[in-house]
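Have a look at this one:
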């Protein structure tokens, strides 16, 4: 059951100092505790430069901000939407349509009709002389359109002093006109947020005592311009005297009061300076209102006064899983997502970054780059295109397909030999079935593996290491002399580094013909070679005993 929650947080990070938000201190965990699918925050009190990854790049959520253009740490509205539940089709900032989309110089109200949400107030509907751009410069409104309705999240100006009275009435008048125009255009509307107006006597504490102190009557209190304007917007609103021109008919229902018509003490805001919350001495100024066509869609609405973290508490409204549309039962999810995404309550395709609207904070350049990097690491690697193979590589792959795959282990010598034999056997041309595209083998056959074993030249014996030479030279001079006297012709250890780094001629280069044609050495040459060998052995022994450096 989709739930819409509105909350004036008095600073977007303010709740994290309280339970239960301080445990995980993430917006994702906060939204799960609220059990909400659409979350509207007011008084975020941040600027564009204060936006951080944890409040924009929330997994599974999209986000739309309206921030003040000039004042710091003031006002601000944001709407979060859960991608698994809903996906807006249009988004705007401001109530009058005079602001521009990101990276555009065209005002929202001047966009092509198919890109507009519509219902923009006319000059005749505005009761204030304040410039339109000024009214929308304080980050007080975000508007999202879903297939089912238009959602307006707003933070109305407070009545702090007389200097702001004109601005306050100008904003409320523009808000009233926008809602009425949308309803007149045939669209359903949900208006939610901190409106900074108590609707009636039941919505504030100790009203009679306040009136006595200020020497006012109840009629005087109900006739206050902001309260009168607000009640003309509501069904069952108390209006003193005749209604204003253009406001003859109410258009919105107070959903929370519909479910709790006589409940007293249903307050949403308290004075933290005087600590009036424990005694519940507050007022109800946070609302969830809807047009008549979707009133019956709500199955529950209430305040959450037990959730701390601000001088306000959350207010929510819950929609049914199915709703009546023209007398037919329709799944609510079908009405909260673009056509083709959900049908009959079943998801046809998942939400993707392609569904982001220009107003989404995820498309702000610094966040868009980081979002793309995250997506790059999370995406599955694309399938590789099979490479063209030689006949020998294809044959080796076919040979490997006959055994159990073991790409994770390193093949031993016997395995490589078996592969070589298979490569030789399959190297002959065959039918087209032998040239199918298969995954490449882990090790390609070498040129030697493709040659017959009989033609492979004999392996040359490795030369003895220096350590072996040292061990061989650790003999007494007497033994060395005796060995030399006997004319020992065995292999001698290498006594110097001469020729050690010079590659020797491979045995395969010496042909049998060259060996057979060589003349045998003369007796003189044999004697000279024997004397040279004896002198080398004596030098090596002397070097080891004397500690000579090599």
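Residue numbers (UniProt numbering): 1 to 550.
For glycine and all other residues, C-beta sits at the position ideal for the given N, C-alpha and C.
Please classify residue i: is it buried, with 16 or more other beta-carbons within 10 angstroms of its beta-carbon, or exposed?
i           : result
residue 105 : exposed
residue 348 : exposed
residue 341 : buried
residue 180 : buried
residue 575 : Since the displayed the chain opens at 1 and closes at 550, residue 575 lies outside it and no answer follows.
residue 369 : exposed
residue 138 : buried
residue 352 : exposed
residue 236 : exposed
residue 145 : buried
residue 217 : exposed
residue 117 : buried
residue 36  : buried
residue 73  : exposed
residue 15  : buried
residue 433 : Per-residue confidence for residue 433 stands at a pLDDT of 39, beneath the threshold of 50, marking its modelled position as unreliable; no derived number is given.
residue 350 : exposed
Could you check the C-alpha separation between residue i and residue j for me, to the nearest Å?
i           : j           : result
residue 366 : residue 17  : 28 Å
residue 6   : residue 176 : 19 Å
residue 68  : residue 243 : 34 Å
residue 190 : residue 151 : 5 Å
residue 266 : residue 98  : 36 Å
residue 319 : residue 63  : 21 Å
residue 296 : residue 148 : 13 Å
residue 80  : residue 223 : 36 Å
residue 170 : residue 343 : 42 Å
residue 307 : residue 13  : 15 Å
residue 303 : residue 328 : 31 Å
residue 84  : residue 221 : 45 Å
residue 27  : residue 358 : 22 Å
residue 194 : residue 339 : 32 Å
residue 11  : residue 52  : 14 Å
residue 163 : residue 249 : 31 Å
residue 108 : residue 121 : 12 Å
residue 264 : residue 240 : 23 Å
residue 77  : residue 213 : 35 Å
residue 238 : residue 172 : 17 Å
residue 25  : residue 337 : 29 Å
residue 134 : residue 219 : 33 Å
residue 141 : residue 174 : 11 Å
residue 322 : residue 225 : 39 Å
residue 192 : residue 113 : 25 Å
residue 245 : residue 186 : 21 Å
residue 128 : residue 166 : 7 Å
residue 356 : residue 70  : 27 Å
residue 49  : residue 262 : 45 Å
residue 22  : residue 215 : 45 Å
residue 335 : residue 273 : 43 Å
residue 385 : residue 354 : Here residue 385 scores only 39 on pLDDT, less than 50, and its place in the model should not be relied on; the value that follows carries that caveat. Cα to Cα, residue 385 sits roughly 27 Å from residue 354.
residue 229 : residue 247 : 9 Å
residue 256 : residue 132 : 32 Å
Report all residues from its chain with a CB closer than 6 Å to the CB of residue i; omit the five preceding and five following residues, and keep chain order.
i           : result
residue 4   : 38, 317
residue 345 : 331, 333
residue 300 : 318
residue 58  : 27, 28
Got a sec? Which residues, its chain only, sit under 7 Å from residue i by beta carbon, not counting five neighbours each side?
i           : result
residue 136 : 94, 95, 96, 98, 99
residue 276 : 270, 282
residue 324 : 296
residue 293 : 188
residue 481 : Here the model assigns residue 481 a pLDDT of 46, short of 50, so the residue's position is not dependable and the matter cannot be decided.
residue 231 : 199, 237, 238, 239
residue 551 : No answer is possible for residue 551: the residues shown for the chain start at 1 and end at 550.
residue 33  : 20
residue 130 : 166, 167, 170
Going by beta carbon distance, what residues of the same chain come within less than 8 Å of residue i, once the five residues before and after it are set aside?
i           : result
residue 360 : 62, 63, 64, 91
residue 234 : 199, 250, 252, 253, 254, 289
residue 103 : 358
residue 227 : 197, 198, 199, 221
residue 56  : 63, 361, 362, 364, 367
Touch test, the stretch 300-316 against the stretch 279-291, Cβ-Cβ under 8 Å, three pairs minimum: Using a Cβ-Cβ distance cut-off of 8 Å, the stretch 300-316 and the stretch 279-291 are in contact, since at least three pairs of beta carbons, one from each stretch, lie closer than that value.
Complete alpha helix (DSSP H) runs within the stretch 10-56 (minimum length 4 residues, chain order): Taking only runs of at least 4 residues, the alpha helix (DSSP H) segments lying wholly in the stretch 10-56 are 27-34, 53-56.
Length-filtered (3 minimum) beta strand (DSSP E) runs lying within the stretch 316-369: Within the stretch 316-369, the complete beta strand (DSSP E) runs of at least 3 residues are 322-325, 328-331.
The stretch 34-54 contacting the stretch 157-177, beta-carbon criterion three pairs below 8 Å: With contact defined as three or more Cβ pairs closer than 8 Å, the stretch 34-54 and the stretch 157-177 are not in contact.
contact_flag[the stretch 197-216, the stretch 284-303] where n(CB pairs < 8 Å) is 3 or more: Because the criterion of three Cβ pairs below 8 Å is met, the stretch 197-216 and the stretch 284-303 touch.
Alpha helix (DSSP H) segments (min. 4 residues) lying fully within the stretch 123-211: Counting only runs that start and end inside the stretch 123-211, the alpha helix (DSSP H) elements of at least 4 residues fall at 132-135, 165-184.
Those runs of the alpha helix (DSSP H) which lie wholly inside the stretch 67-91 and span at least 4 residues: Segments of the alpha helix (DSSP H) lying fully in the stretch 67-91: there are none.
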